[in-house]
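Asker:
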Amino acid sequence: MSFFKRFAQNRGALVGLVILGLVVLLAICAPFLYPDSPWRMVQRPFLAPGEVAGFPLGTDTMGRDVAAGLAHGAWVSLLIGLISTVVALAIGVPLGALAGYFGGRIDDALMRFTEFFQTIPNFALAIVLVAIMEPTTFSIVLAIAIVSWPPVARLVRGEFLSIKHREYVEAARLVGQTHRDIIIKQILPNTMSPVIVLASLMVATAILLESSLSFLGLGDPDTMSWGYMIGAARTVMRQAWWLSVIPGVAILLTVLALNLVGEGLDDALNPQLARAR
Amino acid sequence: MSEPLRHSDGPLLRVERLSLALPEGADRLYAVDNVSYDLSASEILCIVGESGSGKSMTANAIMGLLPTGVHASNGRALFDGQDLLTMNEISHRALRGRRIGMIFQEPMTALNPLMRVGEQIAEVFEAHGLLTARARKEKALALLEEVRLPNPQAALRAYPFELSGGQRQRVMIAMALALEPELLIADEPTTALDVTTQAQILHLVKDLQQRHGMAVMFITHDFGVVAEIADRVCVMREGKIVEMGSAREVLDNPQHDYTRALIEAIPGDAVPPSRSETQEKPLLSVKGLDKVYRSSGGWFQPKREVVALDAIDFTLDKGETLGVVGESGSGKSTLGRCIVGLNTPDNGEIRLNGIDLRALAGRELREHRRRIQMVFQDPYASLNPRIRVGMAIAQGPIANGVTKAEAMQQARDLLATVGLDASAAERYPHEFSGGQRQRIGIARALALNPELIVADEAVSALDVSIQAQVLKLLDDLKQELDLSLLFITHDLRVAAQICDRLIVMQKGKIVEHGSARQIFLSPQHPYTCELLAAIPGRAPHAAPAEVAAGAV
Numbered sequence: 016m017s018f019f020k021r022f023a024q025n026r027g028a029l030v031g032l033v034i035l036g037l038v039v040l041l042a043i044c045a046p047f048l049y050p051d052s053p054w055r056m057v058q059r060p061f062l063a064p065g066e067v068a069g070f071p072l073g074t075d076t077m078g079r080d081v082a083a084g085l086a087h088g089a090w091v092s093l094l095i096g097l098i099s100t101v102v103a104l105a106i107g108v109p110l111g112a113l114a115g116y117f118g119g120r121i122d123d124a125l126m127r128f129t130e131f132f133q134t135i136p137n138f139a140l141a142i143v144l145v146a147i148m149e150p151t152t153f154s155i156v157l158a159i160a161i162v163s164w165p166p167v168a169r170l171v172r173g174e175f176l177s178i179k180h181r182e183y184v185e186a187a188r189l190v191g192q193t194h195r196d197i198i199i200k201q202i203l204p205n206t207m208s209p210v211i212v213l214a215s216l217m218v219a220t221a222i223l224l225e226s227s228l229s230f231l232g233l234g235d236p237d238t239m240s241w242g243y244m245i246g247a248a249r250t251v252m253r254q255a256w257w258l259s260v261i262p263g264v265a266i267l268l269t270v271l272a273l274n275l276v277g278e279g280l281d282d283a284l285n286p287q288l289a290r291a292r
Numbered sequence: 044m045s046e047p048l049r050h051s052d053g054p055l056l057r058v059e060r061l062s063l064a065l066p067e068g069a070d071r072l073y074a075v076d077n078v079s080y081d082l083s084a085s086e087i088l089c090i091v092g093e094s095g096s097g098k099s100m101t102a103n104a105i106m107g108l109l110p111t112g113v114h115a116s117n118g119r120a121l122f123d124g125q126d127l128l129t130m131n132e133i134s135h136r137a138l139r140g141r142r143i144g145m146i147f148q149e150p151m152t153a154l155n156p157l158m159r160v161g162e163q164i165a166e167v168f169e170a171h172g173l174l175t176a177r178a179r180k181e182k183a184l185a186l187l188e189e190v191r192l193p194n195p196q197a198a199l200r201a202y203p204f205e206l207s208g209g210q211r212q213r214v215m216i217a218m219a220l221a222l223e224p225e226l227l228i229a230d231e232p233t234t235a236l237d238v239t240t241q242a243q244i245l246h247l248v249k250d251l252q253q254r255h256g257m258a259v260m261f262i263t264h265d266f267g268v269v270a271e272i273a274d275r276v277c278v279m280r281e282g283k284i285v286e287m288g289s290a291r292e293v294l295d296n297p298q299h300d301y302t303r304a305l306i307e308a309i310p311g312d313a314v315p316p317s318r319s320e321t322q323e324k325p326l327l328s329v330k331g332l333d334k335v336y337r338s339s340g341g342w343f344q345p346k347r348e349v350v351a352l353d354a355i356d357f358t359l360d361k362g363e364t365l366g367v368v369g370e371s372g373s374g375k376s377t378l379g380r381c382i383v384g385l386n387t388p389d390n391g392e393i394r395l396n397g398i399d400l401r402a403l404a405g406r407e408l409r410e411h412r413r414r415i416q417m418v419f420q421d422p423y424a425s426l427n428p429r430i431r432v433g434m435a436i437a438q439g440p441i442a443n444g445v446t447k448a449e450a451m452q453q454a455r456d457l458l459a460t461v462g463l464d465a466s467a468a469e470r471y472p473h474e475f476s477g478g479q480r481q482r483i484g485i486a487r488a489l490a491l492n493p494e495l496i497v498a499d500e501a502v503s504a505l506d507v508s509i510q511a512q513v514l515k516l517l518d519d520l521k522q523e524l525d526l527s528l529l530f531i532t533h534d535l536r537v538a539a540q541i542c543d544r545l546i547v548m549q550k551g552k553i554v555e556h557g558s559a560r561q562i563f564l565s566p567q568h569p570y571t572c573e574l575l576a577a578i579p580g581r582a583p584h585a586a587p588a589e590v591a592a593g594a595v
């Protein structure tokens with residue numbers, strides 16, 4: 016059975032993929048749909064959705080178009096989610112691979128280093144990092160990556176520990192392959208399925224982290240993001256509930272979609288487990 | 044013992060034209076196709092077949108353990124007149140355990156690792172709401188005594204991991220016997236055990252069967268086991284019964300070609316032919332090899348030491364096949380791994396062509412290592428699932444500096460050498476059967492033009508008929524390419540087929556060595572005698588001395 020067929024057997028995953036596709040489409044189309052800056056004040060503030068034609072989602076406290084903010088925010092959220100995940104993988108995968116493959120002292124040293132990061136609460140560390148570095152998109156991505164790589168390192172290390180004793184790895188050692196080749200060609204491809212699944216969930220967590228940072232006012236002041244929108248609207252929750260709810264639903268749907276896709280990937284990459292379910 | 048209440052006369056179990064349909068997309072339509080047989084009380088019926096023959100499926104259908112997707116499409120399975128296939132779950136459950144008992148292949152996974160043995164046995168009574176807690180415990184003790192577990196009192200309080208494989212299997216048998224079932228289904232119960240333990244368990248099953256007057260359905264792939272305990276035999280292949288009859292008839296006078304092939308594939312009275320001794324200088328010489336496994340122990344655990352190799356000395360001549368025989372824990376695998384360099388011995392020297400490998404390092408070591416290659420046991424674990432077969436074979440030469448194109452061409456040639464199509468190079472390992480994978484493993488070992496191949500249980504995961512083919516391939520290649528072979532196995536029958544000389548290992552020591560013929564015909568060490576006597580299906584008349592006389 017093909018990869019996609021196995022993936023498609025999970026209905027939820029298909030729904031997730033469709034939602035995610037729509038979000039991506041929205042993000043890509045944002046500059047064409049709303050060529051003006053989402054920060055521009057375009058109408059009277061506190062317009063309810065549908066109250067004035069041309070502003071389907073209304074306007075916020077400053078009279079900015081909520082729909083424009085949502086579209087541009089999608090771009091920011093997805094970008095930050097993806098890039099920070101890639102950076103986290105770039106840190107976590109090599110560290111976990113080295114620790115798991117070589118074991119012994121190297122493993123001890125790398126794992127203590129990992130635990131150092133794991134013992135500090137994620138969000139607190141992210142806040143501190145962003146606060147120190149000044150809130151820019153770059154610093155936010157970096158902060159999210161730094162707090163989210165340890166689970167990757169742990170996972171990859173565990174996979175390496177179990178796979179390095181497989182007979183095919185021993186056979187590769189016997190024919191004289193170098194450690195580098197064994198790690199990259201023999202073991203790494205076999206650890207990828209759980210890592211891919213984890214990564215899809217990490218994108219979701221990263222979007223949430225970015226939103227939380229923006230909510231606290233630690234977002235990049237130049238980019239419109241969903242978290243910022245909720246944060247800015249929290250004081251007017253009772254007068255204009257839709258200002259917090261609309262971006263909130265956008266975050267909910269995106270994160271849900273990513274989780275569903277992650278689960279579908281898990282099924283597709285581990286066909287035996289999926290069948291037993 | 045009260046006589047069980049029987050509802051009907053006739054055979055205890057009658058399977059009538061049973062067909063079990065496989066889910067769509069499987070390699071055949073039926074797991075079991077139109078199978079009929081009877082099993083009377085106090086009879087042992089052996090169902091024999093290779094993997095994929097559907098031999099376990101009927102038993103699963105009887106116990107209601109069919110995997111999802113498989114269903115009975117036709118036929119009946121009458122147990123004491125009641126059809127088990129149409130019976131509702133509640134009445135079926137009442138039968139299971141009480142009137143039909145089952146023993147599984149892998150005693151470690153069949154027992155709950157977190158429950159004491161005594162509680163697990165008591166649970167059988169509890170499940171059927173029988174006896175008081177106190178009586179259950181007494182009964183459990185009595186059962187452990189009956190299956191002859193050493194120190195049954197202590198075993199009651201033991202966890203499964205504290206027992207050896209054979210002891211666990213005894214516990215499984217005790218559980219199956221707890222409610223004195225009329226029918227005992229044993230699915231390959233001795234396959235995971237050492238030969239000597241296997242012999243004891245077979246003896247126990249036979250003994251219990253006679254004492255309780257049970258019917259036993261014994262599923263196995265091994266005709267040796269059949270000869271040991273069967274009253275009647277049913278040979279299955281690809282879901283169909285190819286031959287059925289009394290054990291004597293089938294063993295002495297098999298009618299079907301397939302049965303004959305299976306019986307021939309295992310030489311019952313295994314006596315290796317004498318082979319010409321090679322008189323060349325030794326290719327490999329091993330001297331004073333020691334290896335101790337130490338677990339470092341935690342705060343509350345003492346350090347543990349296991350002696351895997353203890354002063355091992357031997358030589359292996361060019362062009363010779365040396366067998367290393369022993370049971371699990373004898374250190375035979377450690378020996379192989381030390382020689383290829385996967386483990387580092389504590390002491391001693393390993394000389395290849397007179398050069399001490401342990402004194403070498405870096406490039407020089409790599410150059411010499413290349414000459415010793417290994418064929419692994421598990422054909423499913425020894426090939427990387429994500430690397431194409433051609434690449435898996437070529438990666439050795441590539442790592443040693445051969446260009447990719449050249450190495451791939453060589454890989455295709457090697458595939459042809461081991462009897463596979465050259466196009467196999469483009470496919471992934473999961474597309475091949477166990478035997479074919481083992482051929483790929485051999486091709487990979489050959490890719491570096493080694494002088495010595497260490498085969499660690501290279502055929503023990505394969506069906507007997509495939510086993511014979513792979514052994515023949517190894518033997519042919521050895522002749523053709525002037526190889527030497529270190530053949531590690533737990534199975535003396537396999538060793539008899541291929542080895543020139545044998546080393547018998549026990550607890551890290553070599554207890555006996557000599558030519559294969561000499562060891563089979565006049566074993567000196569008591570342990571060797573025990574191993575030989577434990578070979579299932581070795582006819583009782585084939586005592587060593589008589590075989591020697593008869594084999595002249």
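Just so you know, the protein sequences line up as chains A and B, in that order. Numbering-wise (this note's numbering), the first sequence opens with residue 16 and increments by one. Numbering-wise (this note's numbering), the second sequence opens with residue 44 and increments by one. Virtual Cβ for every residue (Gly too), placed ideally from N, Cα, C. Predicted model, so just to flag it, every value in this text is computed and none were measured.
#1: If distances are taken between C-alpha atoms only, which option among V58/B, E523/B, R455/B and M260/B comes closest to Q126/B?
#2: State the Cα-Cα distance for the pair V39/A and R249/A, rounded to the nearest angstrom.
#3: Suppose you measure from the CA of E270/A to the CA of L62/A; what does that come to, to the nearest Å?
#4: Could you please give the first and the last residue of the uninterrupted beta strand (DSSP E) stretch that includes C277/B?
#5: Please state whether the Cβ-Cβ distance between V156/A and I95/A is less than 8 Å.
#6: Give, in chain order, every unbroken run of the beta strand (DSSP E) that is at least 3 residues long and sits entirely within the region 227 to 271 of chain B.
#7: For D282/A, go through chain B and note every residue whose CB falls closer than 8 Å to its CB, in chain order.
#8: Name the DSSP bridge partner or partners of N2/A?
#9: Determine the extent of the alpha helix (DSSP H) in which G433/B is found, giving its start and end residues.
#10: Does the beta carbon of S62/B come closer than 8 Å to any beta carbon on chain A?
#11: Going along the region 189 to 205 of chain A in order, which residues come within less than 8 Å of chain B, judged by CB to CB distance?
#12: Compute the beta-carbon to beta-carbon distance between I355/B and L378/B, rounded to the nearest angstrom, for a pair I have assumed lies under 8 Å.
#13: Within a Cβ cutoff of 6 Å, which residues of the same chain sit near A272/A, ignoring the five residues on either side of it in sequence?
#14: Indicate the three-state DSSP secondary structure (helix, strand or coil) for D353/B in the structure shown.
#15: Secondary structure at Q125/B, three-state DSSP: helix, strand or coil?
#16: Out of E149/A, V210/A, G279/A and R172/A, which one is the CA nearest neighbour of L29/A?
#17: Please confirm if V383/B has its CB atom under 8 Å from at least one CB of chain A.
#18: The alpha helix (DSSP H) spanning E407/B covers which residue range?
#19: Going by DSSP, what residues sit across from M56/A in a beta bridge?
#20: Spell out a yes or no on whether the region 115 to 132 of chain A and the region 167 to 184 of chain A are touching, meaning 3 or more CB-CB pairs, one atom from each, closer than 8 Å.
#21: Taking any Cβ of chain A, which residues in the region 345 to 366 of chain B have a Cβ under 7 Å from it, in chain order?
#22: Anything in chain B within Cβ reach of R120/A, meaning under 8 Å, just list it in chain order.
#23: Under 8 Å by Cβ, that's how I've got A120/B and L128/B pegged, so tell me the actual separation to the nearest angstrom.
#24: Taking only the alpha-carbon atoms, compute the straight-line gap between F475/B and I430/B and give it to the nearest angstrom.
#25: Can you list, in chain order, the residues of its chain with a C-beta nearer than 7 Å to that of E363/B? Leave out the 5 residues immediately preceding and following it.
#26: So, do the region 493 to 500 of chain B and the region 328 to 336 of chain B have three or more beta carbon pairs nearer to each other than 8 Å?
#27: My parser needs the alpha helix (DSSP H) runs of 4 or more residues fully inside the region 136 to 205 of chain A; what are they?
#28: To the nearest angstrom, how far is the alpha carbon of Q40/B from that of A235/B?
#29: Roughly how many whole angstroms lie between the Cα atoms of I178/A and N296/B?
#30: Would you say M417/B faces chain A, with C-beta separation under 8 Å as the test?
#31: With three or more C-beta pairs closer than 8 Å as the rule, is the region 133 to 145 of chain A touching the region 82 to 89 of chain A?
#32: Give me the chain A residues within the contact set of S425/B, using Cβ-Cβ distance strictly less than 9 Å, ordered along the chain.
#33: Once the 5 residues before and after P440/B are set aside, which same chain residues still bring their CB inside 7 Å of it?
#34: Are R275/B and S289/B closer than 8 Å when you measure CB to CB?
#35: Comparing the C-beta of A442/B with each C-beta of chain A, is any distance below 8 Å?
#36: Bridge partners for V335/B per DSSP, in chain order?
Answerer: This is what the structure holds:
#1: Looking at the sequence provided, one finds Asp at residue 126/B rather than Gln. From the listed residues V58/B, E523/B, R455/B and M260/B, the smallest Cα separation to D126/B is found for V58/B.
#2: If you take the alpha carbons of V39/A and R249/A, they lie about 26 Å apart.
#3: Looking at the sequence itself, residue 270/A is Val, so the reference to Glu does not match. Answer to the nearest angstrom: the Cα atoms are 28 Å apart.
#4: Taken as a continuous stretch (DSSP letters only), the beta strand (DSSP E) holding C277/B covers R275 to R280.
#5: Contact flag set, yes.
#6: Annotation: the region 227 to 271 of chain B contains the following complete segments of the beta strand (DSSP E) (minimum length 3 residues), in chain order: 258 to 263.
#7: What D282/A touches in chain B: nothing, since even the nearest Cβ is about 16 Å away.
#8: This structure leaves residue 2/A out entirely; chain A is present only between 16 and 292.
#9: Element bounds for G433/B: V432 to A442.
#10: Answer no: the Cβ-Cβ gap between S62/B and chain A never drops below 8 Å.
#11: Listed by position along the chain: L189, V190, G191, Q192, T193, D196, K200, Q201, P204 and N205.
#12: 6 Å between Cβ atoms; contact.
#13: G31, I34 and L35, listed in sequence order.
#14: Look at D353/B here: in three-state DSSP terms it is strand.
#15: Here DSSP, grouped into helix, strand and coil, assigns Q125/B to strand.
#16: Per the Cα distances, G279/A.
#17: So yes, V383/B belongs to the interface.
#18: According to the DSSP assignment, E407/B belongs to the alpha helix (DSSP H) that extends over G405 to R412.
#19: Per DSSP, the beta-bridge partners of M56/A are R79/A.
#20: Contact between the region 115 to 132 of chain A and the region 167 to 184 of chain A is present, because at least three Cβ pairs lie under 8 Å.
#21: Within the region 345 to 366 of chain B, no residue qualifies.
#22: Within chain B, no residue comes near R120/A; the closest Cβ sits about 14 Å away, beyond 8 Å.
#23: Contact check for A120/B and L128/B: beta-carbon distance about 5 Å, within the 8 Å limit, so the pair qualifies.
#24: Going by the C-alpha atoms only, they are around 13 Å apart.
#25: Once the five neighbours on either side are set aside, the close Cβ partners of E363/B are T321, S527, D543 and R544.
#26: Contact between the region 493 to 500 of chain B and the region 328 to 336 of chain B is absent, because fewer than three Cβ pairs lie under 8 Å.
#27: The alpha helix (DSSP H) runs of length 4 or more contained entirely in the region 136 to 205 of chain A are, from start to end of the chain, 137 to 148, 152 to 178 and 182 to 189.
#28: Look at the range of chain B in this structure, 44 to 595, and you will see that residue 40/B is not part of it.
#29: Computed Cα separation, rounded: 48 Å.
#30: Closer than 8 Å: yes.
#31: The region 82 to 89 of chain A is not in contact with the region 133 to 145 of chain A.
#32: Chain order gives the chain A residues near S425/B as R181, E182, Y183, E185 and A186, where near means a beta carbon separation below 9 Å.
#33: Closer than 7 Å at the Cβ level, and outside the excluded window around P440/B, lie A450, Q453, A490 and L491.
#34: Here R275/B is near S289/B, since their CB atoms are less than 8 Å apart.
#35: Yes, A442/B counts as interfacial toward chain A.
#36: According to DSSP, V335/B bridges with V350/B.
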